[in-house]
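K.L.:
Here you go, one structure.
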Amino acid sequence: MPIESFRPQSWNGIDDIVIVGGGLAGLFCALKLAPRPVTILAAAPIGQGASSAWAQGGIAAAMSPGDTFDKHVADTLEAGAGIVDEKMARFMVSEGPARIHDLLEYGVPFDRDLEGKLLLSREAAHSERRIVRVKGDMAGKAIMEALIAAVRNTPSIRVLEGYVVEELVREGRFISGVVARPDAGQSKRRVHFPARAVVLCSGGVGHLFAVTTNPWEACGQGVGMAARAGAIIADPEFVQFHPTAINIGRDPAPLATEALRGDGAHLVNSAGHRFMLDIHEDGELAPRDIVSRGVFAEVQAGRGAFLDCTSAVGAHFPDMFPTVYASCIAAGVDPVTRPIPVVPAVHYHMGGVLTDAEGRTSIDGLWAAGEVTSTGVHGANRLASNSLLEAVVFAARIAENIKGMLPEPKLNDWGENAGESDDLVTIEDSAALKRLRRLMSDHVGVIRSREGLMTTIREIATLERENTRMRFHNIVTTAKLIAAGAYLREESRGGHFRSDFPEQKASWKHRTFLTLAEADRVVAELSETKAA
Ligand SMILES: Cc1cc2nc3c(=O)[nH]c(=O)nc-3n(C[C@H](O)[C@H](O)[C@H](O)COP(=O)(O)OP(=O)(O)OC[C@H]3O[C@@H](n4cnc5c(N)ncnc54)[C@H](O)[C@@H]3O)c2cc1C
């Protein structure tokens with residue numbers, strides 16, 4: 001199968017750095033690498049198709065006078081349910097304030113008080129006010145707008161939009177480049193980008209599930225292609241559900257930010273009962289997994305779940321939370337006067353490609369940052385607003401590591417060397433994808449069981465056999481890793497809840513490390529059990 005080779009016209013034998021993904025992790029890493037030449041390949045135009053642009057809460061950083069790094073680490077460990085890598089969490093927390101200052105320098109207009117000091121707000125499971133925000137719920141949009149402007153003004157960064165990477169090219173122990181398809185992955189052309197360093201920043205897995213808050217591009221392709229290239233995947237079973245996606249049948253589901261509950265909004269059922277008070281002493285501010293199961297139970301029981309902001313936010317809603325307000329109004333719900341219908345939705349993946357403190361994966365030449373990774377800082381459950389922080393801290397560490405490891409190449413001009421080839425047409429098998437997403441939501445969702453996971457894993461094997469396209473294989477590979485991790489972990493912890501093993505077990509107080517070969521062994525065993 002012919003594959004085009006993408007080389008700068010002035011290519012002199014030394015390849016450059018390719019970053020896969022144009023969300024916060026990818027853009028921040030590119031800016032930190034400047035003036036090193038970098039190519040960003042992004043599935044969608046930057047600013048679109050990225051969870052980063054949709055972030056509503058903000059970024060956590062211990063910067064208020066009463067706050068300390070120890071307190072932020074302690075909250076992170078508590079949320080992570082016993083399996084956070086404390087060393088990594090400490091790196092993340094202690095470098096947070098410096099990265100917030102970087103973002104300010106790139107022009108992010110974080111909210112300030114009348115004296116010009118950063119305004120810090122509180123979110124669920126944070127013991128202090130430490131979330132930097134922009135105009136209530138506009139943090140992600142504002143951060144991305146500022147970084148996109150900075151990237152466009154940095155001549156060393158080349159952005160190729162609409163390039164869907166579908167393969168990491170491995171030569172021996174090294175990743176030596178990527179293969180991508182232009183035109184949002186719909187082109188017949190497959191283009192090879194040789195590179196000395198590849199940084200995977202391709203985001204999360206939400207769209208493996210039927211109900212999610214993530215953009216379509218977050219469908220786990222990065223984890224799948226890294227696993228297929230032989231990388232170790234960590235903690236794949238830990239998926240976080242956002243308890244309050246707005247339940248108006250939209251895909252992806254719009255989000256009613258955590259900050260609303262932080263500001264005092266209550267969860268009630270259709271009878272007006274505040275059910276979270278029966279479940280946890282912190283009520284609506286309990287950890288996300290507990291709130292998600294509370295909301296799920298009310299929805300399952302037919303009583304429905306609603307976020308009542310009428311007293312806590314009331315008439316200030318349009319000014320304080322303009323994004324949520326717009327989503328509600330579009331669905332015919334005025335949150336100033338009526339409770340918002342909510343449902344849990346897949347929101348964040350704690351698992352992903354295993355990386356060390358410098359963002360290196362288990363394969364030479366491949367680094368990873370952002371949601372595609374599992375650095376260990378989130379353990380079994382992410383503390384709200386720690387993910388944008390993780391993205392910037394480790395993206396910056398990667399840039400330092402690459403600069404230290406690889407001497408700068410001498411590239412001057414960049415030119416495209418692309419011709420047509422009569423390669424594969426990529427058309428997602430939407431029926432297969434739909435089937436996969438339903439299975440994942442039904443059996444690998446808020447509540448899991450051995451039976452449901454066995455069914456899912458066997459069906460995943462069938463879907464994989466019947467669909468040969470590279471992109472679908474990346475997606476289904478990630479689903480297989482998540483389902484296999486969930487099947488193997490016979491306990492409940494953080495975002496992973498097994499109805500057949502509802503307790504946490506000391507013997508499982510550790511992270512999961514899984515290769516694709518190991519996940520395939522689980523599939524083979526289950527297929528044999530069925531055949532017998
Ligand atoms: C609605 C919502 C609200 C959130 N709110 C917060 C919050 O307030 N605070 C917080 O800390 N976190 C929040 N999160 C989580 C946070 O936004 C993400 O974890 C974070 O933005 C991930 O950044 P990223 O750069 O890793 O991925 P993304 O921002 O998702 O970027 C991934 C990039 O990779 C591209 N891509 C994907 N696959 C490919 C491919 N195969 N080839 C090429 N490109 C590819 C995408 O198009 C995109 O450009 C929220 C998430 C959502 C969905």
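Residue numbers (the UniProt record's numbering): 1 to 532. Note that CB positions come from ideal geometry on N, CA and C, so glycine has one too.
(1) Let me check you understand the geometry: is the CB of Ala231 closer than 8 Å to at least one non-hydrogen atom of ligand 1?
(2) Would you list the residues sitting across from Gln240 in a DSSP beta bridge?
(3) Going by DSSP in three states, Arg438 sits in which element: helix, strand or coil?
(4) Under 8 Å: does the beta carbon of residue 533 sit that close to some heavy atom of ligand 1?
(5) For Ala218 and Val205, I'd like the C-alpha separation in whole angstroms.
(6) On the three-pair Cβ rule with 8 Å, is the region 146 to 155 touching the region 166 to 177?
(7) For the candidate residues Arg465, Gly26, Gly96 and Val313, whose alpha-carbon lies nearest to that of Gly264?
(8) If distances are taken between C-alpha atoms only, which option among Met454, Ile232, Gly177 and Tyr106 comes closest to Thr154?
(9) Kindly indicate which residue of Ala74, Pro35 and Leu433 has the alpha-carbon position closest to the one of Arg382.
(10) For ligand 2, any of its heavy atoms closer than 8 Å to the Cβ of Ile248?
(11) Assign Glu420 to buried or exposed, taking buried as 16 or more other Cβ atoms, counted over all protein chains shown, within 10 Å of its Cβ.
(12) Hey, quick one: how far does the alpha helix (DSSP H) through Leu103 stretch, first residue to last?
(13) Helix or strand or just coil, what does DSSP make of Asp235?
(14) When you compare the CB positions of Ser48 and Pro318, do they come within less than 9 Å of one another, or not?
(15) Grouping DSSP H, G and I as helix and E and B as strand, with all else coil, what is Leu114?
(16) Do you know how far the Cα of Met470 is from the Cα of Gly415?
(17) In this structure, does DSSP put Ala517 in helix, strand or coil?
(18) Can you list, in chain order, the residues of its chain whose CB lies under 8 Å from that of Ala326, leaving out five sequence neighbours each side?
(19) So does Ala396 have its beta carbon nearer than 8 Å to some heavy atom of ligand 1?
(20) In the DSSP assignment, what are the bridge partners of Trp367?
(21) In terms of DSSP beta bridges, what is Glu167 paired with?
(22) CA-CA distance, Ala42 and Arg465?
(23) In angstroms, rounded to a whole number, what distance separates the CA positions of Val93 and Glu491?
(24) Where does Asp70 sit, in a helix, a strand or coil, going by DSSP?
(25) Opposite His443 in the DSSP bridges: which residues?
(26) Would you call Gln186 buried or exposed, if buried means 16 or more other Cβ atoms sit within 10 Å of its Cβ?
(27) Should Gln56 be listed as close to ligand 1, given that the test is whether its C-beta is under 8 Å from any heavy atom?
(28) The beta strand (DSSP E) that contains Leu267, what's its start and end?
(29) Using DSSP bridges, identify the partner residues of Ile59.
(30) Measuring from the CB of Pro215, is there a heavy atom of ligand 1 at a distance below 8 Å?
(31) Three-state secondary structure (DSSP) at Leu354?
P.N.:
To lay it out plainly:
(1) no
(2) Tyr348
(3) helix
(4) The structure shown has nothing for residue 533, since the chain only spans 1 to 532.
(5) 5 Å
(6) no
(7) By alpha-carbon distance to Gly264, the top candidate from Arg465, Gly26, Gly96 and Val313 is Val313.
(8) If we check each option's Cα against that of Thr154, Tyr106 comes out closest.
(9) Ala74
(10) Among the ligands in the structure shown, ligand 2 does not appear; only ligand 1 can be found there.
(11) Because Glu420 sits at a pLDDT of 35, beneath the cut-off of 50, its placement in the model cannot be relied upon, and the point is left open.
(12) That run of the alpha helix (DSSP H) goes Glu86 to Glu105.
(13) In the structure shown, Asp235 sits in coil (DSSP, three-state: anything other than H, G, I, E or B).
(14) In the sequence under discussion, the amino acid at residue 48 is Gln, which differs from the Ser named in the question. Cβ atoms of Gln48 and Pro318: not closer than 9 Å.
(15) coil
(16) A caution first: Gly415 carries a pLDDT of 36, below 50, which makes its placement in the model unreliable, though a value can still be read off. Whole-angstrom Cα-Cα distance: 27 Å.
(17) helix
(18) If you ignore the 5 residues before and after Ala326, its C-beta comes within less than 8 Å of no other C-beta in its own chain.
(19) For ligand 1, no non-hydrogen atom lies closer than 8 Å to the CB of Ala396.
(20) In the DSSP output, where bridge partners are listed per residue, Trp367 has Val199 and Arg360.
(21) Val179
(22) Our two residues, Ala42 and Arg465, have alpha carbons roughly 28 Å apart in a direct line.
(23) 29 Å
(24) helix
(25) DSSP, once it has assigned bridges, lists no residue as partnering His443.
(26) exposed
(27) yes
(28) His266 to Asn269
(29) Val132
(30) yes
(31) strand
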